[in-house]
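Asker: Next up is a structure, given as structure tokens.
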Ligand SMILES: Cc1ncc(C[n+]2csc(CCOP(=O)(O)OP(=O)(O)O)c2C)c(N)n1
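Chains as they are written, first to last, in the numbering used here: chain A, 9 to 399; chain B, 20 to 325.
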């Protein structure tokens with residue numbers, strides 16, 4: 009198909025239109041707003057045959073698409089920051105009821121102070137809600153993953169909600185050339201089929217009943233296992249997608265990691281900037297590499313361990329904090345991964361970019377230099393540090 | 020076709036038996052009646068509360084129609100989602116029939132924590148019937164006051180004491196709130212007047228857009244009444260004009276059950292342990308009587324004749 013100019017927000021909307029979604033419900037919040045506007049436009053002018061519910065809050069947005077999904081409809085919602093926090097309660101319930109809801113998240117800092125710019129505090133606060141969680145680096149990737157998300161969520165072996173994270177403003181509002189795939193191809197790849205377990209008067213069923221101590225654990229265990237096992241489906245869906253589109257993303261983007269002295273691990277749009285700095289530093293002989301994660305839940309620990317085993321030190325870049333913990337949320341995962349796979353690679357954490365604080369080339373160089381120092385000295389002085397904050 | 024006698028009610032049952040609600044619980048009677056009148060082509064959305072915990076204890080269910088419970092405060096939003104899903108799926112030929120979508124929520128789930136989602140659904144006019152079964156407190160968590168607890172009532176969080184009469188505020192006017200959204204049909208009901216209730220349920224379901232019903236629902240432990248007396252007490256609520264039965268059609272208030280000779284509120288108060296602390300306080304009883312007198316005037320109930 010022809011390449012068109014789309015922002016992250018409009019790329020997601022475009023995919024949702026092609027996916028023939030039945031029910032959309034969302035509440036506006038910067039920087040997600042233009043996505044909701046585009047979707048209501050598609051519905052208003054008949055380009056998308058769907059119901060758009062203009063709800064009074066994000067809590068109701070997720071509640072209504074959850075129930076629409078239980079009724080058997082294909083659904084979409086999106087939000088950011090405070091809105092995502094308001095959805096927190098219902099996120100657990102969506103996963104617990106095993107409903108294939110898909111949500112776009114324009115990642116943004118959370119109050120207070122109120123701030124509309126990008127970091128990952130909103131999604132990290134949802135870590136344990138039981139959703140599959142993707143991170144994108146570009147508008148094209150946001151578009152492609154949205155299509156994959158429906159195939160994965162609705163797979164009989166998965167039946168779980170999926171969220172697609174794309175950085176507020178950096179991705180949501182930047183227009184890039186995006187090449188969509190043909191409408192028919194989208195629905196062939198992610199076909200709509202009516203699930204068997206739905207709210208249907210021809211086959212009455214009870215959803216959301218009370219799980220006593222005799223049963224709750226089993227239901228929870230099944231949802232946990234489904235999330236773990238979804239990794240296979242996720243990998244398969246990406247491979248199939250690559251066949252029809254020529255584009256696949258895998259679980260991570262590893263750049264110059266093989267012979268590296270240090271690897272900088274990151275999530276989201278910063279990956280591209282980091283790779284650029286890797287290229288520049290490599291020209292000067294610094295053996296640095298970049299590992300940009302595409303999937304945060306399920307956490308592909310084994311696959312990452314393989315990449316990380318080949319370096320001498322690791323720097324984790326966290327765009328979120330876990331106040332009072334020994335490091336940020338991504339750091340804790342990476343450290344646990346190293347320990348679990350008996351890897352003795354020293355690792356440090358850098359928290360940066362909170363509330364949209366710019367992470368510039370020099371900041372990234374500084375992070376790499378910290379890693380190189382750890383690699384040469386073979387010891388960690390400071391486990392956690394903050395880059396870009398004025399003290 | 021209006022229901023004229025109990026024999027006109029459908030024989031089919033879509034609720035219970037085998038649920039775990041208390042003997043004499045009003046909400047169980049409401050659930051049974053609502054599903055009877057609505058029939059098989061119905062989806063129930065239930066807020067967290069007594070009905071939910073007592074009817075869906077896994078692996079059992081008391082529901083013969085599709086049922087979903089999501090959370091406490093969002094049943095109106097969930098109902099809107101189901102309606103939207105069916106609207107879209109019927110239009111696209113995925114399913115052939117659009118079912119009734121009915122919410123059952125307690126007074127806590129309606130007047131307090133669920134008010135925002137309810138207001139959203141009513142304002143949008145989504146075609147759902149929202150039924151509040153009002154037992155006048157948070158019963159599931161052990162009888163705490165809500166915004167629908169009547170003045171003077173004892174609850175565990177409105178205990179009467181030297182400085183307090185019990186509940187210090189009067190009930191929220193839920194029908195008034197609902198009607199102010201411009202909905203086409205709203206009505207009160209209670210379990211002592213089943214035919215009145217049945218006809219209102221049917222009317223509500225046949226009215227386009229969002230509709231709202233407010234059911235007074237006796238709770239035997241919460242009101243401290245004998246399990247055999249819940250119907251009697253709910254009848255007293257009507258006969259004292261504390262719970263007038265009426266409907267609001269297109270904004271017009273119409274009394275559906277007339278009470279030519281009213282009973283004094285003391286009859287209602289005396290019948291329940293939750294008012295025991297104030298039945299011997301004439302000034303408190305007078306306040307409640309004045310509240311009933313106002314309602315009686317508004318709905319054309321007759322003078323008190325003991
Ligand atoms: C967000 C949230 N807050 C509090 C609760 C605890 N809770 C469960 S049921 C309930 C009271 C329900 O009261 P009401 O809506 O009047 O229904 P009833 O129990 O009387 O049937 C409360 C407070 C909850 N489940 N969810």
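Glycine included, C-beta positions come from ideal geometry on N, C-alpha and C.
Quick one: is residue 61/B near chain A, going by C-beta distance under 8 Å?
Answerer: For the purposes of this step, residue 61/B is identified with residue 42 of the second chain, where counting begins at 1. Output row for residue 61/B: interface = yes.
Asker: So is residue 320/B in contact with chain A if we call contact Cβ pairs under 8 Å?
Answerer: Working through the second chain from its first residue, we reach residue 320/B at position 301. Closer than 8 Å: no.
Asker: In three-state terms, what does DSSP make of residue 262/B?
Answerer: Residue mapping note: residue 262/B aligns to position 243 of the second chain, counting from 1. Looking at residue 262/B - three-state DSSP - the assignment turns out to be coil, as it is neither helix nor strand.
Asker: Taking the alpha carbon of residue 151/B as the point to measure from, which residue in 69/B, 188/B, 186/B, 290/B has its own alpha carbon closest?
Answerer: Start at 1 with the first residue of the second chain, and residue 151/B comes out as number 132. Answer by Cα proximity: 69/B.
Asker: Any beta carbon from chain B within less than 8 Å of residue 59/A's own beta carbon?
Answerer: Along the first chain, read from residue 1 onward, the residue named residue 59/A stands at position 51. Yes, contact with chain B.
Asker: How big is the Cα-Cα spacing for residue 137/B and residue 202/B?
Answerer: Locating residue 137/B in the second chain gives position 118, where the first residue counts as 1. Locating residue 202/B in the second chain gives position 183, where the first residue counts as 1. Rounded to the nearest angstrom, the two C-alpha atoms are 12 Å apart.
Asker: Thinking C-beta only, is residue 28/B closer than 8 Å to residue 22/B?
Answerer: Taking the first residue of the second chain as 1, we reach residue 22/B at position 3. Taking the first residue of the second chain as 1, we reach residue 28/B at position 9. Yes.
Asker: At a CB-CB cut-off below 7 Å, which residues of chain A make contact with residue 252/B?
Answerer: Along the second chain, read from residue 1 onward, the residue named residue 252/B stands at position 233. The contact set of residue 252/B on chain A, defined by CB atoms closer than 7 Å, is empty, because the minimum CB distance reaches about 28 Å.
Asker: For residue 378/A, which option in 396/A, 358/A, 364/A, 368/A has the closest C-alpha, if you only look at C-alpha atoms?
Answerer: Residue numbering aside, residue 378/A sits at position 370 when the first chain is read from its first letter. It is 358/A whose Cα lies nearest to the Cα of residue 378/A.
Asker: Which bits of chain A does residue 202/B rub up against, with CB to CB less than 8 Å?
Answerer: Your numbering for residue 202/B matches position 183 in the second chain. One finds nothing in chain A with a Cβ atom closer than 8 Å to the Cβ of residue 202/B; even the nearest lies about 16 Å away.
Asker: Any heavy atom of ligand 1 inside 7 Å of the beta-carbon of residue 95/B?
Answerer: Here residue 95/B is taken as the residue at index 76 of the second chain, counted from 1. Every heavy atom of ligand 1 is 7 Å or more from the Cβ of residue 95/B, so no.
Asker: Name the chain A residues that come within less than 7 Å of residue 244/B, Cβ to Cβ?
Answerer: As a first step, residue 244/B is located in the second chain; it is residue number 225 there, counting from the start. The premise fails here: residue 244/B is roughly 26 Å from chain A at the closest Cβ pair, so nothing lies under 7 Å.
Asker: Anyone know if the C-beta pair for residue 96/A and residue 40/A falls short of 8 Å?
Answerer: Working through the first chain from its first residue, we reach residue 96/A at position 88. Working through the first chain from its first residue, we reach residue 40/A at position 32. Not closer than 8 Å, so no.
Asker: Do the region 51-69 of chain B and the region 87-98 of chain B make contact, defined as three or more Cβ pairs closer than 8 Å?
Answerer: yes
Asker: What's the gap between the Cα of residue 220/B and the Cα of residue 239/A?
Answerer: Stepping through the second chain from its first residue, residue 220/B is reached at position 201. Stepping through the first chain from its first residue, residue 239/A is reached at position 231. The straight-line gap from Cα to Cα measures roughly 48 Å.
Asker: Please report the distance separating the alpha-carbon of residue 114/B from that of residue 87/A.
Answerer: Against the second chain, residue 114/B aligns to sequence position 95. Against the first chain, residue 87/A aligns to sequence position 79. Between the alpha carbons of residue 114/B and residue 87/A lies a gap of roughly 30 Å.
Asker: Can you list the residues of chain A that residue 90/B reaches, using a CB-CB cut of under 8 Å?
Answerer: In the second chain, counting from the first residue as 1, residue 90/B sits at position 71. What residue 90/B touches in chain A: 71, 97, 98, 101.
Asker: Would you report the Cα separation of residue 76/B and residue 222/A, rounded to the nearest angstrom?
Answerer: Taking the first residue of the second chain as position 1, residue 76/B is located at position 57. Taking the first residue of the first chain as position 1, residue 222/A is located at position 214. Roughly 11 Å between the two C-alpha positions.
Asker: Taking only runs of the beta strand (DSSP E) that begin and end inside the region 116-161 of chain A, which ones reach a length of at least 3 residues, in chain order?
Answerer: Listed in chain order, they are 140-143.
Asker: Across which residues does DSSP place residue 149/B in a beta bridge pair?
Answerer: Position 130 of the second chain holds residue 149/B. Paired residues: 122/B, 231/B.
Asker: By a C-beta neighbour count over all protein chains shown, 10 Å radius and 16 as the cutoff for buried, is residue 4/B buried or exposed?
Answerer: The first residue shown for chain B is 20 and the last is 325, placing residue 4/B beyond what the model contains.
Asker: Just the chain A side, please: which residues come within less than 8 Å of residue 7/B by C-beta, in chain order?
Answerer: Nothing about residue 7/B can be read from this structure; chain B reaches only from 20 to 325.
Asker: From the DSSP output, in three-state form, read off residue 67/B for me.
Answerer: By one-based count along the second chain, residue 67/B stands at place 48. Correct three-state label for residue 67/B: coil.
Asker: Please list the partners that residue 33/A has in chain B, where partner means a Cβ-to-Cβ separation under 9 Å.
Answerer: Counting from 1 along the first chain, the entry for residue 33/A is found at position 25. What residue 33/A touches in chain B: 96, 99, 100, 103.
Asker: Verify whether the separation of the beta carbon atoms of residue 286/A and residue 273/A is less than 8 Å.
Answerer: Stepping through the first chain from its first residue, residue 286/A is reached at position 278. Stepping through the first chain from its first residue, residue 273/A is reached at position 265. For residue 286/A and residue 273/A, no; Cβs fall outside 8 Å.
Asker: Do you know whose CA, among 254/B, 192/B, 248/B, 171/B, lies nearest residue 299/B's CA?
Answerer: Taking the second chain and counting its residues from 1, the one referred to as residue 299/B is at position 280. Minimum Cα distance to residue 299/B is reached at 171/B.
Asker: Pull out every residue of the region 124-151 of chain B whose Cβ sits closer than 9 Å to any Cβ of chain A, in chain order.
Answerer: 135, 136, 138, 139, 140, 142, 143, 145
Asker: For a test of the three-state rule: what should DSSP assign to residue 356/A, helix, strand or coil?
Answerer: Sequence index remark: in the first chain, residue 356/A carries index 348 (1-based). Three-state result, residue 356/A: strand.
Asker: Identify every residue that forms a DSSP beta bridge with residue 323/B.
Answerer: If you number the second chain from 1, residue 323/B lands on position 304. The partner list for residue 323/B (beta bridge, DSSP) reads 281/B.
Asker: Measuring from the CB of residue 100/A, is there a heavy atom of ligand 1 at a distance below 7 Å?
Answerer: In the first chain, counting from the first residue as 1, residue 100/A sits at position 92. No.
Asker: Let's test the definition: count the other Cβ atoms within 10 Å of the Cβ of residue 156/A and tell me whether it reaches 16, buried, or not, exposed.
Answerer: Counting from one through the first chain, the residue named residue 156/A turns up at place 148. It counts as buried.
Asker: Would you please state the rounded distance, in angstroms, between the beta carbons of residue 187/A and residue 11/A? I believe it to be under 8 Å.
Answerer: Translated into positions along the first chain, residue 187/A becomes position 179. Translated into positions along the first chain, residue 11/A becomes position 3. Their Cβ separation, rounded to whole angstroms, is 5 Å, which keeps residue 187/A and residue 11/A in contact under 8 Å.
Asker: Does any C-beta atom of chain B lie closer than 8 Å to the C-beta of residue 305/A?
Answerer: The sequence position of residue 305/A within the first chain is 297, counting from 1. Chain B contact via Cβ: absent.
Asker: Put residue 326/A into one of helix, strand or coil per three-state DSSP.
Answerer: The sequence position of residue 326/A within the first chain is 318, counting from 1. Note: residue 326/A maps to strand in three-state DSSP.
Asker: Please determine, among 333/A, 345/A, 35/A, 146/A, the residue with the shortest C-alpha to C-alpha distance to residue 393/A.
Answerer: Looking up residue 393/A in the first chain gives position 385. Minimum Cα distance to residue 393/A is reached at 333/A.
Asker: Is it a yes or a no for the region 305-322 of chain B touching the region 264-284 of chain B, going by three-plus beta-carbon pairs under 8 Å?
Answerer: yes
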